[in-house]
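Taking it in order: structure first as C-alpha cells, then the write-up.
In this note's numbering, the protein residues as written are 7 to 161.
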C-alpha cells in the first residue's frame, strides 16, 4: 500500500525544478522578513491595490472610449507609487519590531486601505457604476479605527 503511492507522490515532487523551489523560498523569506506573518489586512491591502489599478485603467479606457487611453507613463508612475506604499508598510513593520510595538504597521495599512478604497470608489464613479453602501460604511469604519489607533499611539 505505501510503496506504490509513494512512487506516485514522487512525480508531483519533481514537478518543480530546484531553481523554482529556490525562487519561491527566497520570495517567501523576503516577504516574511518585510511583513512578518501574512495577515488578513495585509492581503486585503494587496488586493485593494491591484483592484485600484484595474479599475483605474478600466475607467480611463471607458472615459476615452479607446484602448489607447492606457498611458504607459501614468501606469509607471502609479506602479512606482504603489511600490513606495509597500515600502512604507515594510518600514512600519520593522519599526514595530525594533521598538517592540504592535500597532504601527496596522495603522499604516489602515491608512493605505482608506486611500485605496476611496480611489476605487472614484474609479467606480468614473465608470458610472454605483459604489456599494457596505463598502462606504467599511471606509468609515477604517477611518474610525485609524483615528483610534492614532489616539492610542499618542497616549
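Ideal Cβ placement from N, Cα and C applies to all residues, glycine included.
Nothing here was measured: the structure is a model prediction, and the numbers come from that model.
**Asked** By a C-beta neighbour count over all protein chains shown, 10 Å radius and 16 as the cutoff for buried, is residue 85 buried or exposed?
**Response** exposed
Q. What's the gap between the Cα of residue 144 and the Cα of residue 48?
A. 16 Å
field: Straight-line gap, residue 149 to residue 126 (C-alpha atoms, nearest Å)
entry: 16 Å
Per-residue DSSP class, three states only, for residue 86: helix
### Message
One question on the structure: do residue 56 and residue 123 come within less than 8 Å of each other, judged by their Cβ atoms?
### Response
no
From the DSSP output, in three-state form, read off residue 111 for me. helix
Item to complete: Rounded to whole angstroms, what's the CA-CA distance from residue 35 to residue 120? Just pull it up for me.
Response: 28 Å
Query raised in the report: So, are the CB atoms of residue 111 and residue 98 less than 8 Å apart?
Result: yes
Worksheet entry | Coarse secondary structure for residue 4, derived from DSSP in three states | Examination of residue 4 is not possible in this model, given that the chain is present from 7 through 161 alone.
### Message
Taking 8 Å as the limit between beta carbons, can you name the residues of its chain near residue 136, skipping five residues before and five after?
### Response
130
*asked:* Quick check: residue 118 and residue 91, are their CB atoms within less than 8 Å of each other?
replied: yes
- Looking only at C-alpha atoms, which of 51, 66 and 82 sits nearest to residue 96? 51
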